[in-house]
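Numbering (UniProt numbering), first residue to last: 1 to 241.
No residue lacks a Cβ here, since even glycine has one placed at the ideal position from N, Cα and C.
Since we're looking at a predicted model, the values are computed, not measured.
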Amino acid sequence: MKTATIRLTAPLQSYGNSASFNQRTSDSYPTKSAIVGMIAAALGYSREDNEKILELNNLLFAVRIEQSGKMLTEFQTVEYRKSASKTARKLTYRDFIQDGVFMVAIGSDDDQLIENIKEALEHPKFQLYLGRRSNPPAGPLKIDIFDGENPLQVLEDMPWQASDWYKRSFKSSQFLTRIIADASLDSESTPLMKKDKVGSFDQKDRYYQYRPIVIKKAVKLKNSENNQTADNTDWDFWSFV
């Protein structure tokens, strides 16, 4: 088993769930279908390469919320043609995650596949984006490889990966978060069903399927930016400047 972790951060991210033409909502964390799409783009697959894309569904997947960010809803004016001589305008509302940071982990028994994905994400064939084309990553992706551990095990052991300013905003020595993972990675938890398994990215027939997931709540992470203890009476005035 080889696992790759991908740190996802950007000013805006969006991971669609239920949506209509007028309202485009977002999940609060990256979906598996979004990550499969990003990997497919990095590998140079087109939307019509269904067979190649569906193979990526077999990757083991987990995501940990490092920095939840805040949800932003913006509205856009869309103009469309009702007939040859008439046009109409409609308001649409779209949700985005602001200042979010997430650790995604993908795993496979095919070690070479994980290495190929890492190489592709570092040198992508197509532009990478986090959910929508308007949301590019905040710089090159930070990717690490782990041997002998599955995605859930890696994320349970990994130190907190939030931004330093976000860590400093917490006075506690621990941060509580969640890990969302494939149900096959945790047989002890009760599975839920989530509709984010790729069926097809073809624009003529795009659809998604359900897959079982588990949610591990109250995952404790050490806050490395909180160094105060009961015996520490030192106070640095200039740290507030």
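- Item | Beta-carbon proximity check, residue 182 vs residue 143, cutoff 9 angstroms | The answer is no: Cβ separation not under 9 angstroms.
- In three-state DSSP terms, what is residue 200? Residue 200: strand per DSSP, three-state reduction.
- Is DSSP giving residue 99 helix, strand or coil here? Residue 99: coil per DSSP, three-state reduction.
- Please say whether residue 8 and residue 134 have beta carbons closer to each other than 9 angstroms? In this structure, residue 8 does not lie closer than 9 angstroms to residue 134 by Cβ.
- Sequence-distant residues of its chain with Cβ nearer than 7 angstroms to residue 225 (five each side left out): Excluding positions up to five away in sequence, the list reads 164, 167, 168.
- Measure the beta-carbon distance from residue 192 to residue 60 and round it to whole angstroms, keeping in mind my assumption that it falls under 8 angstroms. The pair is not a contact, with the Cβ atoms about 17 angstroms apart (cut-off 8 angstroms).
- Can you name the start and end residues of the alpha helix (DSSP H) that residue 166 belongs to? Where residue 166 is concerned, the enclosing alpha helix (DSSP H) stretches over 164-168.
- Within the same chain, show all residues whose beta-carbon is closer than 8 angstroms to that of residue 197, passing over the 5 residues directly before and after it, in chain order. Contacts found: 32, 33, 57, 208, 209, 210, 211.
- Message: What does the alpha-carbon distance come out to for the pair residue 205 and residue 49?
- Response: Rounded to whole angstroms, residue 205 to residue 49 spans 13 angstroms at the Cα level.
- Item | Same chain, Cβ closer than 6 angstroms to residue 94, five either side skipped, listed in chain order | Counting only Cβ-Cβ distances below 6 angstroms, and skipping sequence neighbours, we find 24, 74.
- Query: How is residue 232 classed by DSSP in three states: helix, strand or coil?
  - Reply: For residue 232, the predicted structure reports a pLDDT of 49, less than 50, and the residue's modelled location is therefore unreliable. A value from the coordinates is still provided. Secondary structure of residue 232 (DSSP, three-state): coil.
- Task: Leaving aside the five residues before and after residue 217 along the sequence, list all residues of the same chain whose C-beta is less than 6 angstroms from its C-beta, in chain order.
- Result: Closer than 6 angstroms at Cβ, skipping near neighbours: 178.
- Does the beta-carbon of residue 229 have 16 or more other beta-carbons within 10 angstroms, so that it is buried, or is it exposed? Low per-residue confidence applies at residue 229: pLDDT is 46, beneath 50, and the placement is therefore not dependable enough to give any value.
- Indicate the three-state DSSP secondary structure (helix, strand or coil) for residue 116 in the structure shown. In the structure shown, residue 116 adopts helical secondary structure according to DSSP, grouped into three states.
- Query: For residue 27, which residues from the same chain have a beta carbon less than 6 angstroms from its beta carbon, with the 5 sequence-adjacent residues on both sides left out?
  - Reply: Sequence-distant partners of residue 27 (beyond 5 residues in either direction) whose C-beta falls short of 6 angstroms from its own C-beta, in its chain, are 15, 17.
- Query: Who are residue 193's beta bridge partners in DSSP?
  - Reply: Residue 193 is bridged to 212.
- So which of 175, 92, 52, 54 has the shortest CA-CA distance to residue 22? Among 175, 92, 52, 54, the Cα nearest to that of residue 22 belongs to 92.
- Message: Tell me the rounded alpha-carbon separation between residue 188 and residue 118.
- Response: When rounded, the distance between both Cα atoms is 30 angstroms.
- Item | Counterpart residues of residue 107 in DSSP-defined beta bridges | Beta-bridge pairing links residue 107 to 3, 60.
- Task: Per DSSP, which residues does residue 182 bridge with? Please list them.
- Result: Its beta-bridge partners are 213.
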